[in-house]
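Chains as they are written, first to last, in the numbering used here: chain S, 3 to 303; chain E, 17 to 310.
Worksheet for the structure shown next.
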Amino acid sequence: MTNSRIRIASVLAIAALVAGACSSSGATTAPSGPATKIVATAPADQLVKAGVLTVCSDTSYAPQESLDPNNNAIGSDIDLANGIAMRMGLTLSVKSTVFDTIIPALTGNSCDIIVSAQTITAERQQTVDMIPYFAAGQSFVVAKGNPKNIKTLDDLCGQNVAAEKGTVEADHITGGASGYDATTSLTGMCAAKGKGAVTLKQFDKDTDALLALQSGNVVAHFTDEPVAGFEVTQAPDKFEAVPAMTLERAPEGISVTKNHTGLRDAVKTTLQSMMDDGSYTTILTKWGVQSGGITSTAAAS
Amino acid sequence: MAESLFSRLGTRRALLVGCLLLPILLAGCSSSVTLQPHYFWDSLFHPSPAIINGLGLTIGISVVAQIIGVILGIFAAMGKMAKRRLFRWLAGFYVWIFRGTPLLVQLTFFVFGLSAAGIFKWPGIVIGPIDILPEILAGTIIMGVNEGAYMAEIVRAGIMAVDPGQTEAAKSLGMTYGLTMRRIVLPQAARVIIPPLGNEFNNMLKTTSLLVAVSVFELYNTFSTAAGRTYASFEFLAACALWYLLLTTIWGFFQAWVERRLARGTAGSADYNGYSLRARLWGLRNNSGNQGGR
C-alpha cells in the first residue's frame, strides 16, 4: 500500500473511533433548570467523580428508566435521580448497566448510587444499603386476547414465563432467593398442587423478555407493575394486562455502598425533602406511576 | 444493451433469488403479519445519531482490537518459536488460555468479575478531547488480547512458510534476529498472513456485537435497544443485519484489493486476471463466460 493510502486508512479508523468514543453511551448530564436549594451534600471522597452524581441504571425498564432514540436516559427514576442530584449541588450522569451485575458495578465503584427499580430484599441489603423510594407490585403481561387463558396463578403451571435476569420476579418463579423458597415460589406452589413447574425464561434485558412474549415463546412476561402497565399502554394491540394477578406490592430502594454513610444520609435527606415539598409526586404523576408513590424514606420494619 | 435479467444472471440463479423473495412477499400479504417498514428504511437510509455512534464504535473498536491482536500475535508467534523455554511456555500459555475460553466469558470476567471482587476496575481514559468510557476501553483491549491468541497461530504459519534459506542468508550477512524478522521474514510472511488476517477482521467486525454484554452501545446494542423500545424487532434487527453485511462486504472488497496488490509479480498471480472482480471475489462465474480484465 502506498503511504498516502495508509495515512487515509488510519485517519478513517481514528475518525471512526472518535465518532464512537464520543458517544454518550447512555450517560446524560441533566439540563440545568432554575437554581435549586441545596438540601444536603455528600462527602467528596464518597463520589466516583467530584461534582457528579453517577447513577447506575438498567435502562430497559420504561417508564421508570429507558433510553430515548438518542440513547439519553429518561424515566421517572431518572427524574427522581436528577432531583436528588440538583438538591445535592451535583450534576447527574447515568450509566446504563446490565441489571444482573448492577450491584457489583456499584460496589466496584463504577457509580455512586443505583436507581433502577430494585426491590428491597434481605439478600441485597447484605451487600448494599437500600433507601426506600417507591413501591411496586409484580404483574403479568400476556398476549392480546389472552390466548392461553391465564386468569389465575395456577394457569401458569407447566408453562413458560419470561422475566429479567436478577429480578425478584425471576426469583419468585424459581425460588431460592429474594425470600422465596420452595413453598412460596410459583414453581413450588404448582408442585404442591401436583401440577407441572413454571419454567423461567430469563433475559439480560427486560425488553428482551417482553419480546419473548411477542414471539410466542412464553405465555406471560412477569415484571414490575408500572412497567407492565406501561408496556400495555404502549402496544395495546399486542399485549394486555392481567390486573387480578398482580402480586405483592413491595418497596423499591436506592442502593448505596455499605460504608458510604455520608452519601447515604445525604440522598435520604434530599429524597425526603422532595417527598415533603411535592416535587416527588409531580415527577411520578408525569410518568403515570403515581400509584407507586410512598411518603417516607424510613426503612419499613 | 437490453440484456434481460435471466440471460445475465442465468436462469438457475434468477429462480433461486425468486424462491427466496417469494416467502417474504407472501408473508407481507398475510393479514397476521404486521410490519412497520418505516423503521427499517429509516435506520438504513436516515440513520439516527445513535446508529451512527454505534457504527463508529463498531468500526473503531474492531480496528484497534485487530491492531492489538496482530501485534500480540506477532510476539506470541515469535515466542512460540523461541529458543528459550520460558518464552515458549509464556506464549503457549497465553494462546492456550485465550483460545480455550469463550470471548463472552472473557469479557464478563475481566469487566464484571474483577471489579466485583475489588481486584481491578477499568478506568475511563481521556485521549486529548476524547473521553473513552471504561467499558469501551475494557472491551477493546480484551478483544485485542483474545484476537492475539488466534493471530499467533496465523503469524506462525506465515513465518514458517518463508523459505528457511532466507533466514540463513540473512544470518550469513550478519543480520541480528530482530533485523531479520523485521526486514526479511515478516514482509514475506505477510503474503501468507494477509488472507486469514482479512478473515479475522471480518470476524472481528461481527464479534464486536458481543460487547452488548458489557453495555457498550455498539451497532447491535443500539438496534436491540430500539427494537425493545418500539417492539419492531423484525424491522430493526433486519436493518442491523444489513448494516453488518455492508461493513463486511466493504471490507471484502478492500481485502481483495490488498491481496491483488501483494500478489503482483508473484508466480501464478496472472491466472486471476482472466476473471471479473465479482467472479474473483465470490468465486462465481456467470453464464456469459469470463468478462476478462478487471
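All C-beta atoms in this analysis are idealised placements derived from N, C-alpha and C, irrespective of residue type, glycine included.
Once DSSP output is grouped into helix, strand and coil, what is the label at residue i?
i: asparagine 219 of chain E; result: helix
i: aspartate 239 of chain S; result: coil
i: threonine 27 of chain E; result: helix
i: valine 163 of chain S; result: strand
i: valine 229 of chain S; result: helix
i: phenylalanine 233 of chain E; result: coil
i: methionine 132 of chain S; result: strand
i: arginine 251 of chain S; result: strand
i: arginine 276 of chain E; result: helix
i: glycine 110 of chain S; result: coil
i: alanine 23 of chain S; result: Confidence at alanine 23 of chain S is low in this model, with a pLDDT of 49, below 50, so the placement of that residue is unreliable and no value is reported for it.
i: leucine 202 of chain S; result: strand
i: glycine 139 of chain S; result: strand
i: threonine 241 of chain E; result: helix
i: cysteine 35 of chain E; result: helix
i: threonine 121 of chain S; result: strand
i: alanine 168 of chain E; result: helix
i: valine 201 of chain E; result: helix
i: valine 144 of chain S; result: strand
i: alanine 222 of chain S; result: strand
Using a C-beta to C-beta distance shorter than 7 Å, which residues of chain E count as neighbours of residue i?
i: aspartate 210 of chain S; result: Gly244
i: proline 238 of chain S; result: Within 7 Å Cβ-Cβ: nothing; proline 238 of chain S doesn't reach chain E, min ~12 Å.
i: lysine 207 of chain S; result: Gly244
i: serine 62 of chain S; result: Gly244
Cβ of residue i within 9 Å of Cβ of residue j?
i: leucine 158 of chain S; j: alanine 214 of chain S; result: no
i: glutamine 161 of chain S; j: valine 220 of chain S; result: yes
i: aspartate 40 of chain S; j: tyrosine 135 of chain S; result: Rather than aspartate, the amino acid found at residue 40 of chain S in this sequence is isoleucine. No, they are not a contact pair.
i: glutamate 169 of chain E; j: valine 111 of chain E; result: yes
i: asparagine 111 of chain S; j: threonine 259 of chain S; result: yes
i: tyrosine 282 of chain S; j: glycine 139 of chain S; result: no
i: alanine 74 of chain E; j: leucine 221 of chain E; result: A quick correction: the sequence has threonine, not alanine, at residue 74 of chain E. Closer than 9 Å, so yes.
i: lysine 184 of chain S; j: isoleucine 175 of chain S; result: Strictly speaking, residue 184 of chain S in this sequence is alanine, with lysine absent from that position. No; because the gap between Cβ atoms is not below 9 Å, this pair is not in contact.
i: cysteine 256 of chain E; j: phenylalanine 270 of chain E; result: no
i: alanine 75 of chain S; j: leucine 69 of chain S; result: yes
i: leucine 227 of chain E; j: glycine 155 of chain E; result: yes
i: leucine 202 of chain E; j: isoleucine 175 of chain E; result: yes
i: valine 80 of chain E; j: glycine 160 of chain E; result: yes
i: isoleucine 133 of chain S; j: threonine 299 of chain S; result: yes
i: leucine 188 of chain S; j: valine 200 of chain S; result: yes
i: valine 86 of chain E; j: leucine 195 of chain E; result: no
i: alanine 177 of chain E; j: alanine 133 of chain E; result: no
i: glutamate 216 of chain E; j: glutamate 163 of chain E; result: yes
i: serine 118 of chain S; j: tyrosine 63 of chain S; result: yes
i: serine 64 of chain E; j: proline 71 of chain S; result: yes
Cβ closer than 7 Å: which chain S residues qualify as neighbours of residue i?
i: proline 241 of chain E; result: Going by the sequence as given, residue 241 of chain E is threonine instead of proline. Going along chain S in sequence order, the residues near threonine 241 of chain E (Cβ under 7 Å) are Leu69.
i: phenylalanine 128 of chain E; result: Thr103 and Pro106
Go ahead and label residue i buried or exposed: buried means 16 or more other beta carbons lie within 10 angstroms of its beta carbon, across all protein chains shown.
i: alanine 29 of chain S; result: Residue confidence for alanine 29 of chain S is low, a pLDDT of 46 falling below 50, so the modelled location carries little weight; the figure read from the coordinates is stated next. Classification of alanine 29 of chain S: buried, given that the 10 Å Cβ count is 16 or more.
i: phenylalanine 136 of chain E; result: exposed
i: lysine 207 of chain S; result: buried
i: valine 121 of chain E; result: exposed
i: glycine 280 of chain S; result: exposed
i: aspartate 47 of chain S; result: exposed
i: proline 33 of chain S; result: With a pLDDT of 47 at proline 33 of chain S, under the threshold of 50, the modelled position of this residue cannot be trusted, and the question is left open.
i: tryptophan 138 of chain E; result: buried
i: serine 26 of chain S; result: Summary for serine 26 of chain S: the model assigns pLDDT 40, below 50, so the residue's position carries little reliability; its value from the coordinates is reported in the next sentence. With 16 or more other Cβ atoms within 10 Å, it is buried.
i: glutamine 128 of chain S; result: exposed
i: glycine 231 of chain S; result: buried
i: proline 307 of chain S; result: Because chain S is modelled from 3 through 303, residue 307 of chain S falls outside the range shown and cannot be assessed.
i: asparagine 261 of chain S; result: exposed
i: valine 33 of chain E; result: exposed
Can you name the residues of chain E whose CB is closer than 8 Å to the CB of residue i?
i: valine 258 of chain S; result: Correct list: empty, because the minimum Cβ distance to chain E is about 17 Å.
i: valine 244 of chain S; result: Correct list: empty, because the minimum Cβ distance to chain E is about 19 Å.
i: serine 98 of chain S; result: Ser231 and Phe233
What in chain S is Cβ-close to residue i, meaning under 9 Å?
i: proline 65 of chain E; result: Ser25, Pro71, Asn72 and Asn73
i: lysine 137 of chain E; result: Gly110, Asn111 and Ser112
i: alanine 132 of chain E; result: Thr103, Ile105, Pro106, Ala107, Thr109 and Gly110
By the criterion of Cβ-Cβ separation under 8 Å, what are the contact partners of residue i in chain S?
i: tyrosine 247 of chain E; result: Leu212, Leu213, Gln216, Gln236, Ala237 and Lys240
I'd like the ranges of any beta strand (DSSP E) spanning at least 3 consecutive residues and lying wholly in the region 38 to 99 of chain S. 54 to 59 and 93 to 98
With a floor of 4 residues, list each alpha helix (DSSP H) that falls wholly inside the region 254 to 300 of chain S, ordered by position along the chain. 263 to 279 and 281 to 288
Report the residue ranges of all beta strand (DSSP E) runs contained in full by the region 126 to 166 of chain E; include only those spanning at least 3 residues, in chain order. 141 to 143 and 146 to 148
Please give the ranges of any alpha helix (DSSP H) in the region 149 to 193 of chain S, keeping only runs that are unbroken, at least 4 residues long and fully inside the region. 170 to 176
Length at least 3, wholly inside the region 62 to 128 of chain E: the beta strand (DSSP E) runs in chain order: none
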